[in-house]
Amino acid sequence: MEPKSEELEAGEHQLVSHPRAKSKVWKYFGFDMEEDEVGKRAHCRLCLAQIGYSGNTTNLYAHLQRHHPDAFLEFEKSSGDSPQQLQQLQNPLAPPQGCARQNQNPLAPPQTCTRQNSQENRRQAEVSSAVLGFLCEGLHPVSTADEPFFQAMLRTLDPRCAPPTAADLLSQALPQRHQQVRAGVSAELSGLSCCGVSADLWRSETHGHSYVTLYAHGLLAQTPPLPSGPLRLLSRCLKTFEVPADSPAEGITRALYEVFMEWGVAQRVRGATTSGSPDVLKACAQLDLPVLMPCFAERLNRGVHAASLVPGVQALLARCRRLVDYFQQSVVAAYMLQERLKQQGRSAGALVGERPGCWTATLTMLQRLRENQPAVTSVLLEDANNQALLLAAGEWALLDGLLQLLRALRSAADMFCGSACPSISMLKPVLHMLLSTALRRRDGDPAELLDARRAVAGALEEAYQRPAQLDMFLKVASFLDPRYKRLPFLTAAERAQVEARVLEEAAALYQRHTPSAQQPAAADDEPPNKKQALGASSSAPPTTGDAANPLAVIFCQSGAAETQEEFQAQAEEELSNFKAQKVLGLNEDPLRWWSDRALLFPMLPRVLQKYWCVPATSAPAHRLFGPAGNVLWGKRNRLDPEHVDQQVFLYENTRTYYEPEPSCTDKDTTGLA
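Numbering (full-length UniProt numbering) for the sequence shown: 1 to 673.
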């Protein structure tokens, strides 16, 4: 609002500038020479408002800034003077404004101004840090900091601090925060003896670019042990890089190699979990990674998609979609459905549609339709024009079979979403559960349902059972889990093969980490003449300690074969001890179990680190099976390509891998509770 003032009509009076004016602000103000008290009130030449004048131009400057921003910008460009500079020119003896505002007491010590400036700088840094945290942890574009309403909000919260601009954040705050978090991640990765990686492929539709976010996973042996135990599951984001449009597989291969070398994990990567992209899979294969793990969520999606293409299932789903669309688009039909539900005393939820490519949404659509079947049938029977939408008895039977199948798949997905333990160990038991129950052929099932079960089972078997090396890898991972170590879903011969593999690796670790076994290995790195001297000295009879005993000729000779047998015996004893332990409950924490028995098993935890570092999914399971993935996709989709890597890096590494995203409200469309 304009300040209360008496305005002068244009042309009535002539405004005269200050006779000794030095500031250029008098271009926009003047005095009315016909007033009684000339010099007490200045008049604005733009709006003719009266402004009190007491010898300085502070009020004039404030009026121009508040009511005439265009003229104010023009004045700033022409003069370059700030309000503090203008006030200092008018009154040279006045202290700087920042100090005058705080140093009201004339007896205050001279250090007050310096201390206050330090507090203001600290407060300014805190505001910048909070804004950066808001942008990174919320995955907002950095340009949000320049939005007028955002800056106005910050000024309202703290008028004393100047809101940081996007340029300020990009030049200092963001790189500094990135370097700090990166140093912490590097320190954690240095403690991993081996690690696995996962590649999450996603696309930004806003900018038309595809990206791969690369994660590193492993079991970190903490020294000294924390209260939670010496073993801790570690998952960290390494980099987000763009997939080139030309030769994407070669570009991904080159980017993966550079990331491995940059973080120093090239020799420690034991496997990679991919999202099913042929380019990502080809890139990992070119790097000769020992294990290529398909993403469990992607294989389930592929299997359900293949089942939905079965002709009978496809026709049923199309009819269900038309039926749901009718009740969603017709106001009369929706009202009649609600009335029927009230009459029948049902509290079933409203019908919901499905989202393309999301089988959990298909499950919700079918489930709601089945719950509302009596009311839906009653409404359609009274509508002669739409009775063709009614489902036949055979179609309802097929719908029940699909519901049973999808519910079993959802239960399996929930097991991965609700567990913060390594998911690789439960993959084989879950596969066996699905193949032996929900995906098993049953007498009396419709032919379409049998084909649907076969499609899902084929997708899972092709990914996890036919590759013999991967199949053995999953069996060993399950055996090392104290919850599943009995492997009841395997034959005796298969269990013997798994135990033999674990025994072989444990014996190799004993040989590698035993001090007496490391001396020959160290001698291999010496020059030939030195190795001969070492060999001569080792073959000579010792003269001190036990070697002085005459019986040393018999009992102190240890050949390589005997040493190998000793390592094998130690490994067998440790494995036998592990098998003799009580089976852990299915809802217990296997990492805690291993942590509590670290002294009892010296080598098996090292084997554990090799197998449990590879995750079962290419991204956190709650993102792949629930609405959190859509929330995160929407946030990443709006990021600027220049800042995607830094912002995603900070977002992922300032939270735990299994920490869910903010709650969503689209549960009805996803089917997940």
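Each residue gets a CB set at the ideal place from its N, CA and C atoms; glycine is no exception.
Assigned exposure category for residue i - 16 Cβ within 10 Å defines buried
i	result
Ala166	buried
Phe134	exposed
Thr437	exposed
Gly357	exposed
Thr656	exposed
Lys582	exposed
Tyr335	exposed
Asn91	Its pLDDT being 42, under 50, Asn91 is placed unreliably in this model, and the value from its coordinates should be taken loosely. Burial call: exposed.
Leu73	exposed
Asp653	This sequence places Asn at residue 653; Asp is not what is there. Its Cβ being crowded by 16 or more others within 10 Å, Asn653 is buried.
Val614	buried
Ala145	buried
Gly52	exposed
Met153	exposed
Ser275	buried
Pro541	Any reading at Pro541 is ruled out, since the residue's pLDDT is 47, under 50, leaving its predicted position unreliable.
Lys40	exposed
residue 675	Outside the modelled stretch of the chain, which goes from 1 to 673, sits residue 675, for which no answer is possible.
Ala580	exposed
Pro106	In this prediction, Pro106 scores a pLDDT of 45, lower than 50, which makes its location untrustworthy; the coordinate-derived value is nonetheless stated afterwards. Per the 10 Å Cβ criterion, exposed.
Closest Cα partner of residue i within the set the options
i	options	result
Ala408	Val430, Phe649 and Ala388	Val430
Asp445	Gln404, Asp481 and Leu470	Gln404
residue 676	Pro605, Gln344 and Ala361	It is not possible to answer for residue 676, since the shown part of the chain is limited to 1 through 673.
Ser411	Cys295, Ser423 and Leu434	Leu434
Pro590	Glu461, Ala616, Phe473 and Pro422	Pro422
Pro244	His209, Gln267 and Tyr651	His209
Ala306	Val502, Val16 and Val456	Val456
Asp158	Arg606, Ala125 and Val259	Ala125
Ala619	Leu390, Lys40 and Ser198	Ser198
Asp640	Ser143, Asp70 and Pro19	Ser143
Glu371	Asn385, Leu390, Leu351 and Arg355	Leu351
Gln353	Ala413, Gln267, Asn385 and Ala318	Note that residue 353 is Gly in the sequence shown here, rather than Gln. Checking every option, the nearest Cα to that of Gly353 belongs to Ala318.
Arg623	Asp279, Trp202, Val16 and Ala393	Trp202
Thr514	Pro602, Asn630 and Lys40	Pro602
Ala420	Ala49, Leu234 and Gln497	Leu234
Cys194	Trp612, Arg636, Leu15 and Phe296	Trp612
Leu337	Thr377, Thr213, Asn59 and Gln119	Thr377
Ser330	Met293, Glu205 and Val379	Val379
Leu170	His18, Thr206, Leu132 and Ala413	Leu132
Gln469	Leu487, Leu214, Asp481 and Gln497	Gln497
Asp400	Met426, Arg368 and Arg606	Arg368
Cys47	Gly30, Asn56 and Gly55	Gly30
Alpha carbon of residue i to alpha carbon of residue j, nearest angstrom
i	j	result
Pro660	Trp633	14 angstroms
Arg597	Leu219	16 angstroms
Ala628	Trp359	15 angstroms
Lys239	Leu402	40 angstroms
Arg232	Leu599	16 angstroms
Gln344	Ala375	8 angstroms
Gln180	Arg512	36 angstroms
Leu363	Pro278	28 angstroms
Pro69	Ala62	10 angstroms
Ala397	Arg442	14 angstroms
Ala272	Arg636	23 angstroms
Tyr651	Gln172	18 angstroms
His432	Thr563	40 angstroms
Ala523	Trp594	At Ala523, the pLDDT of 39 sits below 50, so the modelled position is not reliable and the matter cannot be decided from this model.
Arg302	Leu389	29 angstroms
Ser128	Asp168	9 angstroms
Glu642	Thr206	14 angstroms
Leu15	Glu34	9 angstroms
Tyr28	Thr58	14 angstroms
Supposed contact pair residue j and residue i - C-beta distance, whole angstroms, cut 8 angstroms
i	j	result
Gly381	Gln373	Checking the displayed sequence, the identity of residue 381 turns out to be Leu instead of Gly. With 8 angstroms as the limit, Leu381 and Gln373 do not qualify as a contact, their Cβ atoms being about 12 angstroms apart.
Gly626	Cys417	6 angstroms
Lys24	Ser78	6 angstroms
Ile638	Pro141	In the sequence under discussion, the amino acid at residue 638 is Arg, which differs from the Ile named in the question. With 8 angstroms as the limit, Arg638 and Pro141 qualify as a contact, their Cβ atoms being about 6 angstroms apart.
Leu460	Lys475	Wrong, their Cβ atoms sit about 15 angstroms apart, outside the cutoff.
residue 705	Cys237	Only positions 1 to 673 of the chain appear in the structure, and residue 705 is not among them; the question remains open.
Contact test: residue i Cβ vs the ligand FAD heavy atom, cutoff 6 angstroms
i	result
Pro311	This structure lacks the ligand FAD; in fact it carries no ligand of any kind.
On the three-pair Cβ rule with 8 angstroms, is the segment 566 to 579 touching the segment 501 to 508?
yes
Touch test, the segment 311 to 325 against the segment 443 to 454, Cβ-Cβ under 8 angstroms, three pairs minimum:
yes
Determine contact between the segment 135 to 147 and the segment 631 to 646, defined as no fewer than three beta-carbon pairs at a distance below 8 angstroms.
yes
How about the segment 584 to 591 and the segment 155 to 163: do they share at least three Cβ pairs that are nearer than 8 angstroms?
no
Under 8 angstroms: do the segment 570 to 583 and the segment 169 to 183 share three or more Cβ pairs, one atom per stretch?
no
Determine contact between the segment 246 to 254 and the segment 272 to 286, defined as no fewer than three beta-carbon pairs at a distance below 8 angstroms.
yes
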